[in-house]
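Trainee:
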Amino acid sequence: MKHRDQIRQIAKKVNKSGQRSEMREKALPADEVMAILERTRERDYSYDRFLSTMCTRPHPIAIKAHDMFLETNLGDPGLFPGVAGLEEEVVRMLGELLGCPLARGYISTGGTESNIQAIRAAKNESGKCGGNIVVPASAHFSFDKIGDLLSLEVRKAELDSQLRVDLSSVESLIDEHTAALVGIAGTTEFGQVDPIEELSDLALEWGVHLHVDAAFGGFVLPFLDRSFAWDFSLPGVKSITIDPHKMGLATIPAGGLLFRNQECMNALETETHYLTKARQASLTGTRSGAAAAATYAVMMHLGREGFREMVGYCMDLTDHLVRGAKEIGVEPLIEPVMNVVALRVPEPSKVRERLMDRDWHVSITREPNRALRLILMGHMSHENVDLFLKDLKEVLSE
Ligand code: PLP
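Per this note's numbering, the very first residue in the sequence shown carries number 353; after that it's consecutive.
#1: Would you say the beta carbon of His-492 is closer than 7 Å to some non-hydrogen atom of the ligand PLP?
#2: Would you list, in sequence order, the uninterrupted beta strand (DSSP E) runs of no fewer than 3 residues that lie entirely inside the region 416-483?
#3: Check whether the region 732-741 touches the region 665-672, counting contact only when three or more Cβ pairs, one atom from each stretch, lie closer than 8 Å.
#4: Are the Cβ atoms of Val-714 and Arg-706 separated by less than 8 Å?
#5: On the criterion of 16 or more Cβ atoms from any shown chain inside 10 Å, does Glu-439 qualify as buried, or is it exposed?
#6: Under the rule that 16 or more other beta-carbon atoms within 10 Å means buried, what is Thr-717, buried or exposed?
#7: Considering Pro-591, what are the terminal residues of the beta strand (DSSP E) in which it resides?
#8: For Phe-580, which of helix, strand or coil comes out of DSSP?
#9: Starting from Asp-496, trace the alpha helix (DSSP H) in both directions and tell me its first and last residue.
#10: Using 10 angstroms around the beta-carbon of Leu-610, count the other beta-carbons present and answer buried if the total reaches 16, otherwise exposed.
#11: Among Thr-647, Pro-700, Val-697 and Lys-745, which residue has its Cα nearest to the Cα of Ala-414?
#12: Less than 7 Å separating the Cβ of Asp-595 from some heavy atom of the ligand PLP?
#13: Looking at Val-594: is its Cβ nearer than 8 Å to the Cβ of Leu-450?
#14: Give the range of the beta strand (DSSP E) segment to which Thr-530 is assigned.
#15: With a threshold of 6 Å on Cβ separation, who are the neighbours of Met-662 within its own chain once the five nearest residues in sequence on each side are excluded?
#16: Is Asp-518 helix, strand or coil by DSSP?
#17: I'd like to confirm the pairing. Which residues does DSSP put opposite Ala-566 in its beta bridges?
#18: Under DSSP, the alpha helix (DSSP H) around Arg-706 begins and ends at which residues?
#19: Using a 10 Å radius around the Cβ and a threshold of 16 neighbouring Cβ atoms, would you call Ser-520 buried or exposed?
#20: Have a look at Met-690 and Val-674 and give me their C-alpha separation to the nearest angstrom.
#21: How many Å lie between Asn-721 and Glu-510 at the Cα?
#22: Flag this pair as yes or no: are the beta carbons of His-472 and Leu-620 separated by less than 8 Å?
#23: Is Met-599 close to the ligand FMN? I mean its beta-carbon at under 7 Å from any heavy atom of the ligand.
#24: Is Leu-556 helix, strand or coil when you go by DSSP?
#25: Does the region 631-647 come within contact of the region 601-615, defined as at least 3 CB pairs closer than 8 Å?
#26: Taking the straight line between their C-alpha atoms, what separation do you get for Asp-546 and Asp-711?
#27: Taking the CB atoms as reference points, tell me whether Ile-544 and Arg-578 lie closer together than 8 Å.
#28: With a CB to CB cut of under 8 Å and the five nearest residues on each side skipped, what residues in its chain are close to Lys-368?
#29: For the pair the region 621-636 and the region 577-591, tell me if three or more CB-CB distances fall below 8 Å.
#30: How would you write the range of the beta strand (DSSP E) that Ile-727 sits in, first residue to last?
#31: Return the CA-CA distance between Thr-636 and Leu-741, expressed in angstroms with no decimal places.
#32: In angstroms with no decimal places, state the Cα-to-Cα distance between Asp-383 and Glu-394.
#33: If I follow the unbroken beta strand (DSSP E) through Phe-611, where does it start and stop?
#34: Of the choices Leu-724, Pro-429 and Gly-664, whose alpha-carbon is the least far from that of Leu-576?
#35: Taking 7 Å as the limit between beta carbons, can you name the residues of its chain near Gly-482, skipping five residues before and five after?
#36: In three-state DSSP terms, what is Ser-749?
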């Protein structure tokens with residue numbers, strides 16, 4: 353009792369500062385709750401000034417589809433055969449986009465879950481306990497979580513001068529305990545594409561699973577003028593992460609995980625005694641069908657043509673930004689491959705802080721390639737890129 357009183361007192365104090373409230377005894381009318389929510393939402397920043405995020409405003413049709421399927425549960429698909437069918441359609445469309453119409457998979461909660469599951473499948477398939485995985489030094493931090501969760505050593509291969517993974521470094525790290533190799537098609541910090549074709553050869557030579565993390569690049573690479581070999585058309589590629597909630601314009605949390613065939617998926621399945629389907633491969637149990645429906649809606653509505661246009665727009669913004677940056681004496685670390693730019697500036701952390709003071713949300717890359725990191729998503733405009741460049745010039749001369 354004493355303990356409860358103490359907690360209440362703390363809650364009241366926090367309440368006064370407007371940060372937290374305790375569970376009310378009496379109901380609060382819906383319009384008052386909504387007024388609180390509206391005020392709260394106003395405290396969030398606006399996408400117009402975001403140059404740091406790989407997420408964007410979802411397409412309006414994705415929002416409608418998301419709302420329509422919000423209460424469905426793909427964790428128990430026999431109760432929701434409609435949305436379960438939509439998820440299968442999405443997997444089919446993604447498989448076809450990635451060079452394998454018969455690919456299997458599901459709509460996850462994002463890149464982290466897809467990467468965890470891909471490596472879990474590789475580990476289960478290989479039967480290697482306490483083994484290792486070889487990832488590029490540029491890999492997303494989800495691979496550090498994976499090492500911890502799956503008790504795998506995460507070996508990080510060096511990058512070459514173009515910030516792609518160095519193949520000789522990868523080769524020096526593989527051994528008989530390697531459960532998976534990872535290549536990235538659109539690195540988080542530089543938007544670079546690893547030499548997936550060569551990684552595929554290495555994976556076949558060593559008989560290990562090659563996972564391609566295309567969480568960001570999956571909805572960019574198929575729509576660029578320049579073509580890359582990176583997907584299931586390469587025989588060594590066993591699984592791919594592709595996130596519809598990033599460049600796919602779907603709602604958060606739409607993630608995509610695809611396997612070349614059912615065997616890889618089987619390595620993830622557990623029995624489900626009380627549900628409508630006997631086996632389940634997803635990491636989460638209950639999962640809304642909203643994200644799958646949103647992904648289906650955008651892919652159908654935009655088609656390849658619409659995505660080509662959207663990616664073209666983002667690449668145009670990227671060129672505009674890089675041209676403007678060069679005019680003020682700022683060079684990119686590498687010529688951008690996709691709509692991710694790393695700019696070489698002195699003291700990137702300070703520059704970031706000063707830009708944040710001017711309401712620009714930017715980020716920085718890790719050592720040893722510290723730079724200002726910018727993502728040119730569809731929510732950005734040419735006008736805002738010009739305003740940003742003007743501020744960057746001023747910040748650099750302060
Ligand atoms: N992989 C890559 C290449 C990413 O860029 C990201 C996030 O930006 C992730 C994985 C993780 O995705 P999520 O934040 O949706 O879990």
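Backbone N, C-alpha and C define an ideal beta-carbon position, used for all residues, glycine too.
Mentor: Quick look at the numbers:
#1: yes
#2: 456-460
#3: yes
#4: no
#5: buried
#6: buried
#7: Residue 591 is actually Ser in this sequence, not Pro. Here the beta strand (DSSP E) through Ser-591 covers 589-594.
#8: coil
#9: 494-502
#10: buried
#11: Thr-647
#12: yes
#13: Rather than Val, the amino acid found at residue 594 in this sequence is Ile. Yes.
#14: 530-536
#15: Gly-730
#16: coil
#17: Ile-594
#18: 700-709
#19: exposed
#20: 12 Å
#21: 12 Å
#22: Rather than His, the amino acid found at residue 472 in this sequence is Arg. Closer than 8 Å, so yes.
#23: The ligand FMN is absent from the structure shown, which contains only the ligand PLP.
#24: helix
#25: yes
#26: 33 Å
#27: A quick correction: the sequence has Gln, not Ile, at residue 544. No. Outside cutoff.
#28: With a pLDDT of only 47 at Lys-368, under the threshold of 50, the placement of this residue in the model should not be trusted, and no figure is reported.
#29: no
#30: 724-727
#31: 43 Å
#32: 16 Å
#33: 607-611
#34: Gly-664
#35: Ser-503
#36: helix
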